[in-house]
Every structure is written in structure tokens, then in C-alpha cells.
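Participant: With mature numbering (1 follows the signal peptide of the UniProt record, and there is no 0) applied, the sequence shown covers -22 to -1, 1 to 353. Just so it is clear, CB atoms sit at the ideal spot from N, CA and C, and this is done for glycine as well. Here it is, the structure in full.
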Amino acid sequence: MKTNSRIFMALMLALLATSCKNKDDHMLTVINEDGTCSREYTFKTTQQWLAASADEDYDSIIDKSWERTWSVQGADSVRYPVPLTEAQLDSMQELDLNKPLGNMLLVHAKKTYDSVEEMSAELYRSENHHLKKVEGIKATSTLEKSFKWFYTDYTFSETFTYEGEPIFPIPLSDFTSADTASFWFTGQPNLTQHLSGAEQKELLDKIEKKISQWSNANWFYEICNIIIDNYDSIQNTPVSKERFTSLRDSLVMQPSVQNAVEEDSNPKAFLSSIEGILHTDVYTNFLKTYEGGPAQYGQLLSFGYPYDLMMPGTVTDAGMGEYDGKVIHYQLGGDRLITGPYTITASSRVANVWAYIVTALIILLALGSLLLHKK
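The structure is reproduced here in C-alpha cells:
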């Protein structure tokens, strides 16, 4: 893929919309009353890997200590134990599927941990039908238990922090406030509270324009860096490499760059900006033929999947998630880490049945003692 398309896709599509992630992938975290927990990854797999015995390692991460099941995408969520048998495969082939069976097989890999801290220390993502360790992003968890006789409150939090190299040379603070940027990427703080629909649209349009200008500035900055790195191979340059480098910071802040509007992932407006500002087409001609581009965005923006959470007892606060009566659903993506660490949190309450029984016995004993005393 040529540089201009690659950078545009990375910054404009992955950043401002969504990263390219498989919609079938998701992660389920289950918190138990005793503090133990489990994490289950669901992702697409192949017949070859499902045919392996449960006593065999699936890959370098999912060994035989993991619990593995499989299912067919959209087939009433029925799960089957590993391995996939020939008889099961034959019966599946007879189903009226809208896709080839090989494209609809899902594996569910579950591992149990003694603590949430141990669980968060192992963070994975799916890639080519396997789990890979997440690089550049650290997860840390806490589980707080508060005993209150008749019930016990649980609060679980998991924080995701990007620890890789800085990837955006132009800071968001040059274009918008910290609260506005956080709202755009994480939904918090809620700046649309108490606003009408029309007022919300007006606010969101203003924020989107600022974020687009910031994204355009970063895009153009990276284009300038590619030109600088390859300056000696570009013919008939109108200025020296040193002069071009000194102009970079002012070029990225030009209105024609910040307000460029792209359609169909075709960055013609940016290339036109380069020609208009520098009054030459030598740089754009080079970019049209250059193979390569920065890869630093992938580590952050490729991270993410739907995050499901099950808490013990009754959920009392789902935080930023949506609770369906059994599972809390969150959206977790690298874009939510752009403005800083992102935390998923939830609280629940478990009734202590034994406390009610003990209390009832104490009351009965007290009443019995009182009656005996009166006699």
C-alpha cells in the first residue's frame, strides 16, 4: 500500500471512526465472590485448530490448562467441547448457512485466575486465529470487597494504559480542551447532559471539526517526515532539506491542511495542499510512488474488542457499560486510550443469606429467653 493511503487510513479512519477489528471477537471477564476470576476470549478459528485434542496446546498461549469450547457464528450460541469431530462437521455442513462453515467457526478460550491482578497481567488479542500478547498497553485491576453483615459490596476496576512510544507529534491540547478531547474519545465527562438534540448536534459538529483539524495536522506532519527522510532521493526540490524541515511546523498549521476534507479514503485534498503551499508538485509526485509509511499507529489503534463483564450478585452500578440483567457490555478500543488511561469499573451487591439466618436465630433466642424469664 502506498504511503498516502496508508497514513490516511490509519489516522482518519482508524482514529476518528473505528479500528479494523473483527466484530466476532470479544472478551468476557467473570468476577467470583471469593475473589477468583476468569477471562474468556472468543475469536474466529479454523477446522484444523478445533480438531486438536483438549490435551494438546492450541498455540503458544492457549495451552491445555485453558478450557476450550467452540461454536458456529449465529447458531443459537450453542457451544461444543473440543475437539470438533467428523460427525459434528458433517452435521454442520448440512445447515443452511449464509457463509462457508470455515468462516463461521468460533473458539472460546477460558482461563481461571486466583486474583484480578494476576488476570490483568496477562492481556491478549486475537491475530490470525491465535492469541497474541498485547504490546504497548498495560492493564491493571483491583477488586474491593466491603462486608456489611447483611450484604457484601464488590467494586471491580480495570485500567488500560498505553505505554508505547508517543505516536501523535501534534498534541490535542493545541486544538481543544482536555475535557472536550476526553469526551470525544471516551464519552466522559458527559458534555451533552441537559442539552437538546439540536444543541447536542451543534456541539458535536464543533468538536468533530477540531478533532479533524488535529488529525489532519498529524497526518501532514507524518507526510513531511517521510519527505524529510527521503529528501536526498527527491529530484528538483525547490528548497534545501534544512529549509523544508524548518518549515514543517508552520506547514501543518496552515488552514488548507487543517480544513482539508477527504472522500472515499482518497487524500487528494492533502496532496493539493502540499502543491499549493510549496508551489511545486515534486513532493506529491514522490509520495504517489513511495511504498511504505509509519507503522507506530497500529500498536494502539488495532487494540480493542467488546468487553463483557459478569459481577457477583446484583449489579448496582455499571459505570459506562450497558447492563442487560446478566452481563455488562463495554466498548474497549485503543482510541479510548488516546487521551490517557481508560478505566472500566462496576459495582455489585451479594446478599449474605447466612447473616439473615443468624440474625433470625438470635432474635428467636432472645424472644425465647424473654418468655422464659417472664415465666
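Please report the distance separating the alpha-carbon of HIS108 from that of TRP48.
Facilitator: Reading the sequence shown from its first residue, position 130 is the one you call residue 108. Reading the sequence shown from its first residue, position 70 is the one you call residue 48. If you take the alpha carbons of HIS108 and TRP48, they lie about 14 Å apart.
Participant: Quick check: the segment 305 to 316 against the segment 278 to 296, are there 3 or more CB pairs under 8 Å?
Facilitator: Between the segment 305 to 316 and the segment 278 to 296, the count of Cβ pairs shorter than 8 Å is three or higher; the stretches touch.
Participant: For a test of the three-state rule: what should DSSP assign to HIS351, helix, strand or coil?
Facilitator: Position 373 of the sequence shown, counted from the start, is the residue given in the question as residue 351. It is helical.
Participant: Pick out the complete alpha helix (DSSP H) segments inside the segment 224 to 309, 4 residues or longer, and give them in chain order.
Facilitator: 233 to 236, 246 to 256, 260 to 267, 274 to 279
Participant: Kindly indicate which three-state DSSP category LEU62 falls into: helix, strand or coil?
Facilitator: Working through the sequence shown from its first residue, we reach residue 62 at position 84. The answer is coil: DSSP assigns LEU62 none of H, G, I, E or B.
Participant: Measure from the alpha carbon of PRO144 to the alpha carbon of each residue in HIS351, LEU350, ALA333, THR317, then state which is nearest.
Facilitator: On the sequence shown, residue 144 is found 166 positions in, with the first residue counted as 1. Selected option, being the one with the closest Cα: THR317.
Participant: Can you list, in chain order, the residues of its chain whose CB lies under 8 Å from that of GLN166, leaving out five sequence neighbours each side?
Facilitator: Taking the first residue of the sequence shown as position 1, residue 166 is located at position 188. Cβ neighbours of GLN166 beyond the five flanking positions: SER160, MET298.
Participant: Below 7 Å CB to CB, which residues in the same chain sit around GLU113 once its five sequence neighbours on both sides are set aside?
Facilitator: Taking the sequence shown and counting its residues from 1, the one referred to as residue 113 is at position 135. For GLU113, where only same-chain residues beyond five positions count, the Cβ hits under 7 Å are GLN277.
Participant: Let me confirm a value: ARG46 is counted as buried when at least 16 other C-beta atoms fall within 10 Å, else exposed. Which label applies?
Facilitator: Along the sequence shown, one-based indexing puts residue 46 at 68. Result: buried.
Participant: Do the segment 81 to 93 and the segment 6 to 23 touch if we need at least three Cβ pairs shorter than 8 Å?
Facilitator: yes
Participant: For the segment 291 to 308 and the segment 319 to 327, state whether three or more C-beta atom pairs, one from each stretch, are separated by less than 8 Å.
Facilitator: yes
Participant: With which residues is ALA324 paired in a DSSP beta bridge?
Facilitator: Counting from 1 along the sequence shown, the entry for residue 324 is found at position 346. DSSP lists PHE134 as partners of ALA324.
Participant: Can you give me the C-alpha to C-alpha distance between ILE255 and LEU229, rounded to a whole angstrom?
Facilitator: Position 277 of the sequence shown, counting from 1, holds the residue named residue 255. Position 251 of the sequence shown, counting from 1, holds the residue named residue 229. If I take the Cα positions, the gap works out to 8 Å.
Participant: CB GLN236 to CB GLN191, shorter than 7 Å?
Facilitator: Taking the first residue of the sequence shown as position 1, residue 236 is located at position 258. Taking the first residue of the sequence shown as position 1, residue 191 is located at position 213. Taking 7 Å as the Cβ cut-off, GLN236 and GLN191 qualify as a contacting pair.
Participant: Mapping DSSP to helix, strand and coil, what is TRP48?
Facilitator: Counted from its first residue, the sequence shown places residue 48 at position 70. TRP48 falls in the strand class under three-state DSSP.
Participant: Below 8 Å on the Cβ atoms is my guess for LEU259 versus MET5; work out the distance and round it to an integer in Å.
Facilitator: Walking along the sequence shown from the start, residue 259 turns up at place 281. Walking along the sequence shown from the start, residue 5 turns up at place 27. For the sequence presented, residue 259 should be read as Asp rather than Leu. Not confirmed; about 48 Å, so no contact.
Participant: State whether the segment 332 to 351 contacts the segment 177 to 188, with contact taken as three or more CB pairs (one from each stretch) at a distance under 8 Å.
Facilitator: no
Participant: Leaving out five residues on either side along the sequence, give the residues of the same chain with a beta carbon under 7 Å from the beta carbon of GLU95.
Facilitator: Within the sequence shown, the letter at position 117 stands for residue 95. Cβ within range, chain order: SER119.
Participant: Quick one: what does DSSP say MET70 is sitting in, helix, strand or coil?
Facilitator: Within the sequence shown, the letter at position 92 stands for residue 70. Three-state DSSP puts MET70 in a helix.
Participant: With H, G and I counted as helix, E and B as strand and the rest as coil, what does DSSP make of VAL8?
Facilitator: As a working note, residue 8 is residue 30 in the sequence shown. It is a strand residue.
Participant: Please confirm whether ALA29 and LEU62 have their CB atoms less than 7 Å apart.
Facilitator: Here residue 29 is taken as the residue at index 51 of the sequence shown, counted from 1. Here residue 62 is taken as the residue at index 84 of the sequence shown, counted from 1. Cβ atoms of ALA29 and LEU62: closer than 7 Å.
Participant: If you measure between the beta carbons of LYS188 and PHE153, is that distance less than 7 Å?
Facilitator: Residue numbering aside, residue 188 sits at position 210 when the sequence shown is read from its first letter. Residue numbering aside, residue 153 sits at position 175 when the sequence shown is read from its first letter. Yes.
Participant: Could you check the C-alpha separation between HIS172 and GLN309 for me, to the nearest Å?
Facilitator: In the sequence shown, the residue the question calls residue 172 occupies position 194. In the sequence shown, the residue the question calls residue 309 occupies position 331. Going by the C-alpha atoms only, they are around 24 Å apart.
Participant: Taking all protein chains shown into account, do 16 or more other C-beta atoms lie within 10 angstroms of the C-beta of THR164, making it buried, or fewer, making it exposed?
Facilitator: Taking the first residue of the sequence shown as 1, we reach residue 164 at position 186. With 16 or more Cβ atoms within 10 Å of its Cβ, THR164 is classed as buried.
Participant: Select from ASP2, TYR36, TYR301, GLU11 the residue whose C-alpha is nearest the C-alpha of SER124.
Facilitator: The residue labelled residue 124 in the question sits at position 146 within the sequence shown. The shortest Cα separation from SER124 among ASP2, TYR36, TYR301, GLU11 belongs to GLU11.
Participant: State the Cα-Cα distance for the pair PRO147 and HIS257, rounded to the nearest angstrom.
Facilitator: The sequence position of residue 147 within the sequence shown is 169, counting from 1. The sequence position of residue 257 within the sequence shown is 279, counting from 1. Near 25 Å, if we compare the C-alpha coordinates of HIS257 and PRO147.
Participant: Could you check if ARG221 is buried or exposed, using at least 16 other CB atoms within 10 Å of its CB as the buried criterion?
Facilitator: Residue mapping note: residue 221 aligns to position 243 of the sequence shown, counting from 1. Counting Cβ neighbours within 10 Å, ARG221 comes out exposed, since fewer than 16 surround it.
Participant: Is PRO290 near VAL331, with beta carbons less than 7 Å apart?
Facilitator: Walking along the sequence shown from the start, residue 290 turns up at place 312. Walking along the sequence shown from the start, residue 331 turns up at place 353. Taking 7 Å as the Cβ cut-off, PRO290 and VAL331 do not qualify as a contacting pair.
Participant: Going residue by residue through the segment 162 to 197, where are the continuous alpha helix (DSSP H) segments of at least 4 residues, counting only ones entirely within it?
Facilitator: none
Participant: With DSSP run on the structure shown, which of helix, strand or coil describes ILE341?
Facilitator: Here residue 341 is taken as the residue at index 363 of the sequence shown, counted from 1. Helix at ILE341.
Participant: Looking at the structure shown, is THR14 part of a helix, part of a strand, or coil, going by DSSP?
Facilitator: Walking along the sequence shown from the start, residue 14 turns up at place 36. Note: THR14 maps to coil in three-state DSSP.
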